Amino acid sequence: MEILHVDHVTKTYGKRGEKQYQALKGIDFTVNSGEFVAIMGASGSGKTTLLNLLSTLDRPTGGRVLINGQDNSSLKDNQLADFRSKQIGFIFQDFNLLESLTNRENIALPLALSGLTPNRINPLVNKIATRLGIVEILAKYPVEISGGQKQRVAAARALVHDPAILLADEPTGALDSKNARELLETMADLNHKDQITTLMVTHDPISASFASRILFIKDGKIGKQLLRNDMSRIEFYHSLIYQMELAE
Ligand SMILES: Nc1ncnc2c1ncn2[C@@H]1O[C@H](COP(=O)(O)OP(=O)(O)O)[C@@H](O)[C@H]1O
Ligand SMILES: [Mg+2]
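Here the sequence shown stands for residues -18 to 229, where the numbers follow the working numbering.
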């Protein structure tokens, strides 16, 4: 089943009459239920711009984005927040945790904002925290935990409402290599075992090699795609490096 459908999406920054820059030049792709897709491209290729359109944080200049069959350009601003809080989970490079809240409160926040009562919220937070191995740090504050733990708390916040798709923008960008690898293994495990449909953008081939399909983005356009099929992650990584060499 198709979870995400991106149809001729363009994005131009700058108002008419001002200096304009076309960051996305017509993007088309789909993501099916249960897939783990990586979009890989150099800095400035348009990855964050694209994810912000998919997550409804920003609107495309042209084209359509459908999530679970719903065209989010047809939604008004007040409906967008509701749509986002039901359908989308988002992990940012810099965690975006609120420092004044405990980790438990950070994870609970999207549910509290959508009006759930604490007796409904607490079991959901406990369940996702158990899944991500962060139960012992729920009462602590973000400043009291490591970067790797912060990104797990952010992942728990992104998944606690059981979204249709998890979107991740360079989720390992602020982590050391050990924590980065652990997070990627967790994301791959969530995808395999819990069928979390995932779209991650990254400039890093190691991160991309954890996905089952890689799309390449360059200068605001999607080029070819690479399928993992039955390759091991290491084999997929090597085939990815080979493709990058060919594209030089
Ligand atoms: N708000 C903005 N206004 C103008 N140009 C922008 C804005 N955001 C991004 N850009 C430009 O769009 C291009 C793509 O940026 P971005 O999507 O952040 O790329 P990436 O995430 O792949 O590094 C870059 O050239 C960037 O300078
Ligand atoms: Mg970016």
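Where is the CB? At the ideal position from N, CA and C, for every residue including glycine. This one's a predicted model, so the numbers in the text were calculated from it and none came from an experiment.
- Between R214 and Q206, the gap from beta carbon to beta carbon reaches 8 Å or more.
- By the Cβ neighbour-count rule, I102 is buried, with 16 or more other Cβ atoms within 10 Å of its own.
- If you ignore the 5 residues before and after Q3, its C-beta comes within less than 6 Å of the C-beta of T(-7), all in its own chain and listed in chain order.
- Scanning M(-18), T83, G204 for the CA closest to the CA of V134 turns up T83.
- When only Cα atoms are considered, M225 and N160 end up about 25 Å apart.
- Distances between the C-beta of G(-5) and the heavy atoms of ligand 1 include at least one below 7 Å.
- F217 sits in a helix when the DSSP states are folded into three classes.
- DSSP, read as helix, strand or coil, puts D143 in coil.
- I198 is not a Cβ neighbour of I48, given a cutoff of 8 Å.
- Remark: C-beta atoms of A139 and F17 do not approach each other more closely than 8 Å.
- Between the beta-carbon of S66 and that of S95 there is about 5 Å, and that keeps the pair under the 8 Å contact cut.
- Listed in chain order, the non-local C-beta contacts of K108 below 7 Å within the same chain number zero, local neighbours out to five positions each way being set aside.
- Closest in alpha carbon position to L156, among G70, I118, E125, K131, is K131.
- The beta carbon of P186 sits closer than 8 Å to the beta carbons of M21, Y218, L221, I222, M225 from its chain, once the five residues preceding and following it are set aside; these are given in chain order.
- In this structure, V124 lies near E80, with their beta-carbon atoms less than 8 Å apart.
- For K28, the shortest separation between its Cβ and any heavy atom of ligand 2 lies below 7 Å.
- Between L(-15) and L180, the gap from beta carbon to beta carbon is short of 8 Å.
- Within its own chain, the residues whose Cβ lies closer than 6 Å to the Cβ of D39, once the five positions on either side in sequence are excluded, are N33, listed in chain order.
- A Cβ-Cβ distance of about 7 Å is found for the pair V182 and L31, placing them in contact under the 8 Å criterion.
- One Cα belongs to V116, the other to P99, and the distance between them is close to 17 Å.
- Comparing C-alpha distances from I8 to each of L35, Q1, E(-17), S14 shows the shortest one belongs to L35.
- In this structure R(-3) is exposed. Its beta-carbon is surrounded by fewer than 16 other beta-carbon atoms within 10 angstroms.
- The Cβ atoms of G15 and T178 sit closer than 8 Å to each other.
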